[in-house]
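Chemist:
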Amino acid sequence: LNVQRKEQQAILETLEGQKRIEKVLVFIKNEQNIAQVQAKIQARVNQKIEKNQRDYFLREELKSIQQELGLTTNPKVELINRLKAKFKALPLPAEAQETVEREMSRLEAMDPSSPEYSIARTYLEIISDLPWKDPKAENFSINSARKILEKDHYGMKDVKDRILEFLAVRKKKQDTKGSIICLVGPPGVGKTSVGVSIARSLKKEYFRFSVGGMNDESEIKGHRRTYIGAMPGKIIQGLRITKSKNPVFLIDEIDKMGVSYQGDPASALLEVLDPEQNTAFRDTYLDIPFDVSQVLFIVTANTLETIPRPLLDRMEIIQLSGYTSEEKLAIGKKYLVPKSLEKHGLSKEEIKYTPTILRKIADEYAREAGVRNFEKSLHKINRKVALKLVENPETKLPITIDDALLYEFLGQPVFVEDEIVTADRPGMAVGLAWTSMGGDTLIIEAQNTPGKGEIKLTGQLGDVMQESASIAYTWVKSHASERNINPTWFEQNAIHLHVPEGATPKDGPSAGITMTVALYSLVTNQVIAPNLAMTGELTLKGKVMPIGGLKEKVLAARRNKIDSIIIPQYNKRDLDKLDETVTKGITFHLVGTIEEVLAIAFPKDKERKLESMPNTAVQGDVTQIASISAAVAQAVKEALRER
83 LNVQRKEQQA ILETLEGQKR IEKVLVFIKN EQNIAQVQAK IQARVNQKIE KNQRDYFLRE
143 ELKSIQQELG LTTNPKVELI NRLKAKFKAL PLPAEAQETV EREMSRLEAM DPSSPEYSIA
203 RTYLEIISDL PWKDPKAENF SINSARKILE KDHYGMKDVK DRILEFLAVR KKKQDTKGSI
263 ICLVGPPGVG KTSVGVSIAR SLKKEYFRFS VGGMNDESEI KGHRRTYIGA MPGKIIQGLR
323 ITKSKNPVFL IDEIDKMGVS YQGDPASALL EVLDPEQNTA FRDTYLDIPF DVSQVLFIVT
383 ANTLETIPRP LLDRMEIIQL SGYTSEEKLA IGKKYLVPKS LEKHGLSKEE IKYTPTILRK
443 IADEYAREAG VRNFEKSLHK INRKVALKLV ENPETKLPIT IDDALLYEFL GQPVFVEDEI
503 VTADRPGMAV GLAWTSMGGD TLIIEAQNTP GKGEIKLTGQ LGDVMQESAS IAYTWVKSHA
563 SERNINPTWF EQNAIHLHVP EGATPKDGPS AGITMTVALY SLVTNQVIAP NLAMTGELTL
623 KGKVMPIGGL KEKVLAARRN KIDSIIIPQY NKRDLDKLDE TVTKGITFHL VGTIEEVLAI
683 AFPKDKERKL ESMPNTAVQG DVTQIASISA AVAQAVKEAL RER
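As structure tokens, this is what we get:
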């Protein structure tokens with residue numbers, strides 16, 4: 083028995099025979115239980131081993147029988163024969179052919195259980211799946227392309243014309259070489275869906291991937307095969323998936339690529355998009371050249387500012403602008419409402435949207451350049467209606483969305499009339515800005531405090547915007563006399579210039595004239611003309627220079643009920659291109675100098691006199707004259723005393 087020394091001693095110390103026997107029986111019983119458990123485990127193990135051996139022998143016998151009957155072949159031999167047949171039918175270039183033959187020889191010499199075997203097999207299968215054959219000639223109709231674009235998108239006349247012109251040239255030249263189209267615009271205006279429509283128009287395969295936030299060039303060019311889990315880059319993966327040599331590739335968010343120690347994806351993408359290099363694109367994983375010059379690349383971005391210049395030079399830019407309220411209403415009726423109803427299992431017989439309610443949703447809950455928030459609002463309403471119908475099947479149909487239901491489902495309006503930007507006090511002016519999110523209004527506020535001519539800027543202003551503020555201050559100060567402003571005002575006041583929404587960084591030169599108007603309004607104690615906004619860069623000599631993003635800025639003004647806009651005269655050509663739906667109801671003032679801007683912003687400025695200046699400056703001037711007079715009188719007294 084397996085009894086420890088202490089337990090043996092305890093048995094020996096037990097003098098009574100019966101108790102000694104009982105203790106020994108306990109140890110015997112324990113040993114018996116352990117022996118039984120061991121016997122069960124041993125039997126189970128033996129049974130499993132016997133089953134595995136039996137299965138192994140049966141499988142080997144089955145293989146032998148099948149080989150004798152000629153019913154099957156070795157899996158390795160079958161794989162190699164299949165790959166050889168595929169490669170024989172492919173028109174591989176010389177370098178690719180040499181690589182394939184070398185890898186096939188290695189594969190034949192490898193044992194299937196080796197880790198290298200699966201790596202070599204995957205590599206050869208990827209090469210065999212690529213579209214090496216030249217594609218057929220393109221066969222598409224411009225009329226059908228126009229119908230597809232008209233069906234899929236509302237408005238966007240300029241964009242559709244540009245796309246149709248591009249397709250017409252492609253059809254006329256019968257040029258299968260790929261091109262690069264860059265669709266730029268705010269979120270939610272339909273950039274991605276336009277790319278899908280182009281692919282449908284050309285009757286081509288379509289592959290989409292996003293590079294937003296990508297900071298590893300291996301995502302584009304692939305990984306080395308020495309790495310575990312190595313795979314080709316997105317370009318080769320897309321060609322393998324589409325099985326076409328001339329598909330449409332949509333690359334989303336190209337303006338949001340990053341750079342890290344792992345490489346620069348933009349530089350890697352440059353090799354793909356450059357017509358001089360992409361005839362022999364070399365993926366790091368494949369390490370053989372592949373022609374991607376026939377791929378049509380469509381890239382999307384919210385702004386061009388962050389796209390590297392060499393990459394931008396190789397693209398054809400198509401600008402997509404935001405939508406007007408009328409366009410949003412039409413898009414809602416024609417596309418968004420039916421799509422949302424279908425998504426939530428509702429029908430037109432169950433829920434009804436009136437044009438008034440759709441406009442209210444667009445104006446009060448989704449005041450943006452695109453229609454993404456508009457669609458989200460419709461989804462939210464339809465979800466609540468679906469819940470209501472499921473909980474109360476006897477609800478009277480259709481449920482008509484009115485103001486009460488709208489506020490119940492969506493809550494209080496996000497944008498209300500009272501929040502529309504106004505400059506109703508001296509030192510305030512309304513500017514227009516253009517960002518990656520579309521157009522926006524910009525209030526600029528100026529306030530004076532006792533000081534000695536200092537100027538303080540707040541609101542997270544960028545370097546260019548700070549320079550614009552300095553130019554505005556210099557111009558107002560240097561033209562004080564001719565504008566009937568007391569020059570001593572600047573010596574006795576400090577100016578604080580602020581642009582609200584301080585958490586949002588702001589930059590750009592187009593707020594130059596707005597800052598000047600705000601400062602002039604403060605110094606002269608005047609309020610600018612009502613419902614007036616402006617945009618324009620200011621030079622040190624008072625000239626108003628052109629700006630970009632005019633359509634987006636005009637749309638922002640419309641959303642905020644502004645009916646009068648000052649723009650540089652050099653932007654007249656951009657103004658002439660705008661549709662009447664964008665410019666209707668807005669008065670445009672074309673200006674070339676800041677004097678013209680001030681004449682429009684302050685119609686009664688000529689009636690102002692020096693005496694109408696703020697009291698601070700006048701009192702300071704009188705005090706200074708009095709102190710000088712006292713000093714002169716004292717000096718005269720001392721001179722007379724000495725004499």
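Its first residue numbered 83, the sequence shown is counted upward by one per residue in our numbering. Beta carbons are placed, not taken as given, at the ideal position from N, Cα and C, and that holds for glycine.
I'd like to check one pair, Met616 with Ile647: are the Cβ atoms closer than 8 Å?
Modeler: The answer is yes: Cβ separation under 8 Å.
Chemist: What residues in its chain sit with their C-beta under 7 Å from that of Glu190, if we drop five residues either side in the sequence?
Modeler: Same-chain partners within the cutoff: Ile162.
Chemist: Can you tell me the Cβ-Cβ gap for Leu393 and Leu332, rounded? I've got them flagged as a contact below 8 Å.
Modeler: At roughly 16 Å, the Cβ-Cβ gap does not stay under 8 Å, so Leu393 and Leu332 are not in contact.
Chemist: Pull the bridge partners of Pro532 from the DSSP assignment, please.
Modeler: Note: Pro532 sits in a beta bridge opposite Asn575.
Chemist: Pick helix, strand or coil for Glu490, following the three-state DSSP scheme.
Modeler: Of the three classes helix, strand and coil, the one that applies to Glu490 here is helix, per DSSP.
Chemist: Can you list, in chain order, the residues of its chain with a C-beta nearer than 8 Å to that of Thr665? Leave out the 5 residues immediately preceding and following it.
Modeler: These residues qualify, in order along the chain: Val636, Leu657.
Chemist: What are the boundary residues of the beta strand (DSSP E) that Pro650 is part of?
Modeler: Run containing Pro650: 646 to 650, per the beta strand (DSSP E) assignment.
Chemist: Would you call the CB atoms of Tyr236 and Ala312 closer than 8 Å?
Modeler: Going by C-beta atoms, Tyr236 is not nearer than 8 Å to Ala312.
Chemist: Should Arg87 be labelled buried (16 or more other beta-carbon atoms within 10 Å of its own) or exposed?
Modeler: Label assigned to Arg87: exposed.
Chemist: Please classify Glu693: is it buried, with 16 or more other beta-carbons within 10 angstroms of its beta-carbon, or exposed?
Modeler: Caution is warranted here: a pLDDT of 39 is assigned to Glu693, below 50, making its placement in the model unreliable, and the coordinate value is therefore given only provisionally. Glu693 comes out exposed.
Chemist: Quick one: residues in its chain with C-beta nearer than 8 Å to the C-beta of Ile224, no 5 flanking neighbours on either side, listed in chain order?
Modeler: Only Leu246, Leu249, Ala250, Lys253 meet the Cβ criterion.
Chemist: Taking just the CA atoms, how far does Lys168 sit from Lys430?
Modeler: Taking the straight line from one Cα to the other gives about 53 Å.
Chemist: What does the Cβ neighbour count give for Tyr309, buried or exposed, with the cut at 16 atoms within 10 Å?
Modeler: Counting Cβ neighbours within 10 Å, Tyr309 comes out exposed, since fewer than 16 surround it.
Chemist: Suppose you measure from the CA of Glu89 to the CA of Glu95; what does that come to, to the nearest Å?
Modeler: So the alpha carbons of these two residues sit roughly 10 Å apart.
Chemist: DSSP beta-bridge partners for Pro437?
Modeler: Answer is none; Pro437 lacks a bridge partner.
Chemist: With respect to 7 Å, is the separation between the Cβ of Asn530 and the closest non-hydrogen atom of the ligand COA below this value?
Modeler: As far as ligands go, the structure on display features none, and thus does not contain the ligand COA.
Chemist: Should Phe139 be labelled buried (16 or more other beta-carbon atoms within 10 Å of its own) or exposed?
Modeler: It is exposed - the Cβ of Phe139 has fewer than 16 other Cβ atoms within 10 Å.
Chemist: Short check: CB of Thr669 to CB of Thr406, under 8 Å?
Modeler: Contact flag unset, no.
Chemist: Tell me whether the beta-carbon of Ala468 lies closer than 8 Å to the beta-carbon of Phe456.
Modeler: Contact: no.
Chemist: For Ile93, which residues in the same chain have their Cβ closer than 7 Å to its Cβ, ignoring the five residues on either side in sequence?
Modeler: Taken in chain order, the residues that qualify are Arg102, Lys105, Val106.
Chemist: Counting Cβ pairs, one atom from each stretch, are 3 or more of them under 8 Å apart for the segment 534 to 553 and the segment 639 to 654?
Modeler: In short, these stretches do not touch, since the Cβ pair count stays below three.
Chemist: Spatial neighbours of Tyr435 within its chain, please: CB distance less than 6 Å, with the 5 preceding and 5 following residues excluded, ordered by chain position.
Modeler: Excluding sequence neighbours, Tyr435 sits near Val419, Ile483.
Chemist: Could you give the residue range of the alpha helix (DSSP H) that holds Val159?
Modeler: Element bounds for Val159: 157 to 170.
Chemist: Please decide whether Ala576 counts as near chain B, where near means a Cβ-Cβ distance under 8 Å.
Modeler: Among the chains in the structure shown there is no chain B, since it carries only a single protein chain.
Chemist: Between which two residues does the beta strand (DSSP E) carrying Lys538 extend?
Modeler: Lys538 -> beta strand (DSSP E) spans 537 to 540.
Chemist: Three or more beta-carbon pairs under 8 Å between the segment 382 to 393 and the segment 342 to 352, yes or no?
Modeler: Cβ pair count under 8 Å is three or more, so yes.
Chemist: Within this structure, are the beta carbons of Ile525 and Phe491 separated by less than 8 Å?
Modeler: No. Outside cutoff.
Chemist: I need the boundaries of the beta strand (DSSP E) containing Val664, first residue and last residue.
Modeler: Run containing Val664: none in the beta strand (DSSP E); it sits in the alpha helix (DSSP H), 662 to 665.
Chemist: In the DSSP assignment, find the alpha helix (DSSP H) that holds Val381 and state where it starts and stops.
Modeler: That residue, Val381, is in no alpha helix (DSSP H); its beta strand (DSSP E) goes 378 to 383.
Chemist: Identify which residue in Val679, Ala611, Asp298, Leu172 has its Cα closest to the Cα of Ala625.
Modeler: The identity of residue 625 in the sequence shown is Lys, whereas the question assumes Ala. The shortest C-alpha separation from Lys625 is found at Val679.
Chemist: Can you tell me whether Leu514 is helix, strand or coil according to DSSP?
Modeler: Correct three-state label for Leu514: strand.
Chemist: So what does DSSP say about Glu450, is it helix, strand or coil?
Modeler: Glu450: coil per DSSP, three-state reduction.
Chemist: Nearest to Leu355 by alpha carbon, out of Asp337, Asp369, Ile370, Ile380?
Modeler: Leu355 has its Cα closest to that of Ile380, out of Asp337, Asp369, Ile370, Ile380.
Chemist: For the beta strand (DSSP E) that Glu408 lies in, which residues bound it at each end?
Modeler: No beta strand (DSSP E) contains Glu408, which is instead part of the alpha helix (DSSP H) from 407 to 413.
Chemist: Use the C-beta contact count for Ile400: other C-beta atoms within 10 angstroms, 16 or more gives buried, fewer gives exposed.
Modeler: Under this definition Ile400 is a buried residue.
Chemist: Could you round the C-beta distance between Asn297 and Ser342 to whole angstroms and report it? I think they count as a contact, below 8 Å.
Modeler: So it is a contact: roughly 4 Å between Cβ atoms.
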